[in-house]
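Q: First the structure, then my questions, so here it is.
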């Protein structure tokens, strides 16, 4: 049977029935795109038969080494080795006899090697004593010691009392009276309130600051010199020839360069009643 439509721009195509049904799953001829097979149109995916596409293997991109973390690791390692090295050196130095550590201080003068008779000790003499080393570091001295419990004296003290304090293991720091005030304050901070240390001005020094221990002397230009702390650490108490229990309190606390016994002997006789 055939169906026809009137002519004109809206004329429909003639459909001829053959009496046959289209095959299952296949579109009728009228539904196929003209000039090609079904599914051949642009943008229409071809059937894959039910199988998925093979996965695409990702392309590996080669990256450079992470030098930042490596450099940091190396730096930390070097720092750790340095700290261990310094610590080991400090332990080694600390294990050395104090005499060797004293001799290693740059500029120190060891009178124990130069004049063994000078450092014998125990030689008490009254009155004024003449010393060849200025400030004195050893030798005969007054029977009374200068108080050395971290005492800071604002005027010169008698050599004869100071030397006895050295014999007890004191470090005596002296400075020129014209040393700037800020430098004096730094020296005070090292001494004040610390047993077997004392500080006083001293006339006629050839260097701004001079440190004395029994048999040792070190002269420096300013209070910031690191050798001052090294001298104190090494020789305080250690340089004593009377042992660590030698007293530093109960000593003379007055200033003045004349020994106390001379002053007492020169006092006018008191009238008797």
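Residue numbers (my numbering): 19 to 291. The C-beta atom is built at its ideal place from N, Cα and C for all residues, glycine as well.
1. Is the beta carbon of residue 227 closer than 7 Å to that of residue 238?
2. Whole angstroms is fine: what's the gap from residue 115's alpha carbon to residue 123's?
3. DSSP has residue 234 in a bridge; who is on the other side?
4. Determine which residues share a DSSP beta bridge with residue 274 and list them.
5. Run through the DSSP bridge pairs and tell me what residue 219 is partnered with.
6. Which two residues bound the contiguous beta strand (DSSP E) that contains residue 170?
7. In whole angstroms, what separates the C-alpha of residue 272 from that of residue 151?
8. Should residue 161 go down as buried or exposed, given a rule of 16 or more other Cβ atoms within 10 Å for buried?
9. What's the call for residue 241, buried or exposed, on a 16-neighbour Cβ count within 10 Å?
10. Taking the alpha-carbon positions, what's the residue 247 to residue 196 distance?
11. So the candidates are 186, 177, 255; which of them puts its Cα closest to the Cα of residue 274?
12. Between the beta-carbon of residue 217 and the beta-carbon of residue 234, is there less than 7 Å?
13. In whole angstroms, what separates the C-alpha of residue 277 from that of residue 214?
14. Alpha helix (DSSP H) containing residue 250: first to last residue?
15. Reducing DSSP to helix, strand and coil, say where residue 182 ends up.
16. Put residue 164 into one of helix, strand or coil per three-state DSSP.
17. What residue from 140, 120, 133 has the CA that sits closest to residue 260's CA?
A: Let's see:
1. yes
2. 13 Å
3. 128, 231
4. Checking the DSSP bridge columns, you'll see residue 274 partnered with 175.
5. 193
6. 167-170
7. Their Cα atoms are separated by approximately 23 Å.
8. Residue 161 counts as exposed, since fewer than 16 other C-beta atoms from the protein chains shown sit within 10 angstroms of its C-beta.
9. Result: buried.
10. 22 Å
11. 177
12. no
13. 20 Å
14. 245-253
15. helix
16. Reduced to three states, the DSSP call for residue 164 is strand.
17. 140
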